[in-house]
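Since the structure comes first, as structure tokens, the remarks are kept for the end.
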Amino acid sequence: MNVIVSSIDFILNWGRANSLWPLTFATSCCGIEMMQASASNFDIARYGSEVFRGSPRQADLLICAGTITHKMAPALLKLYRQMPEPKYVIAMGACACGGGMFALDSYSVVKGIDKIIPVDIYLPMCPPRPEALFDAILKLQKNIKNESILNREKFVASHQTLLKPEKELLVSDNELQIDYWGVEENV
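Position one of the sequence shown corresponds to residue 395 (the working numbering), numbered consecutively onward.
Rendered as structure tokens:
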């Protein structure tokens, strides 16, 4: 049984790792660096990620680059839910990883996208250079090549608690106690 599972893992992981189809969610200056990564000087096509997808249903990698506000968080969650399994997330930039320079003084910024969706790779620079994005993609490819079908299901199951319905999402670590975002239910 292990020989069969490991052979299937090898074939599937090789295909997944070498053909990541990214969906970009760029909200600030990190998006400019992401665009630069696909230019001729850097050429992200070497890593199998040359075509940034316009639809989450065609993507398996979400690159979230920039500041996420409480009003933008439901859109990010909706895009993540529309992506097919297996799906991977790179948090690009200090703002996506932990709120960045807005984390202390702003009540409207989510202090890290890992409060909303599971993150596979953190890239905490402000803004990260294209080479750092390539390194993150290479690390993600290495992680994909080493994962098993059984372990990925456990990973997804362990992160289901983060993915609450939009009417119940709370991010309550701000100073003004404005802790609700999403669609408000009429009671």
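Glycine included, every Cβ here is placed at the ideal spot set by N, Cα and C.
Contiguous beta strand (DSSP E) assignments of at least 3 residues, all confined to the region 497 to 549: Inside the region 497 to 549, DSSP marks whole beta strand (DSSP E) runs of 3 or more residues at positions 515 to 517, from first to last along the chain.
Is the beta carbon of I438 closer than 7 angstroms to that of Y474? Contact flag unset, no.
By Cβ distance, which residues of its chain are closer than 7 angstroms to G506, with the 5 residues on each side in sequence left out? Once the five neighbours on either side are set aside, the close Cβ partners of G506 are C491, G492, G493.
6 angstroms CB neighbourhood of L455 in its chain, flanking five on each side removed: Only L414, P416, Y482 meet the Cβ criterion.
As an exercise, report each continuous beta strand (DSSP E) stretch of at least 3 residues that is fully enclosed by the region 462 to 486, in chain order. 482 to 486, all fully within the region 462 to 486.
Which of helix, strand or coil does DSSP assign to F404? Note: F404 maps to helix in three-state DSSP.
Taking a contact to mean a Cβ-Cβ separation below 7 angstroms, would you say G460 touches G487 in this structure? Yes; because the gap between Cβ atoms is below 7 angstroms, this pair is in contact.
Which whole-angstrom value is the C-beta distance of F436 and P524, which I expect to be below 8 angstroms? F436 to P524, Cβ: 4 angstroms. Contact.
Opposing strand residues paired with I457 [DSSP bridges]: DSSP output for I457 lists T418, I484 as bridge partner(s).
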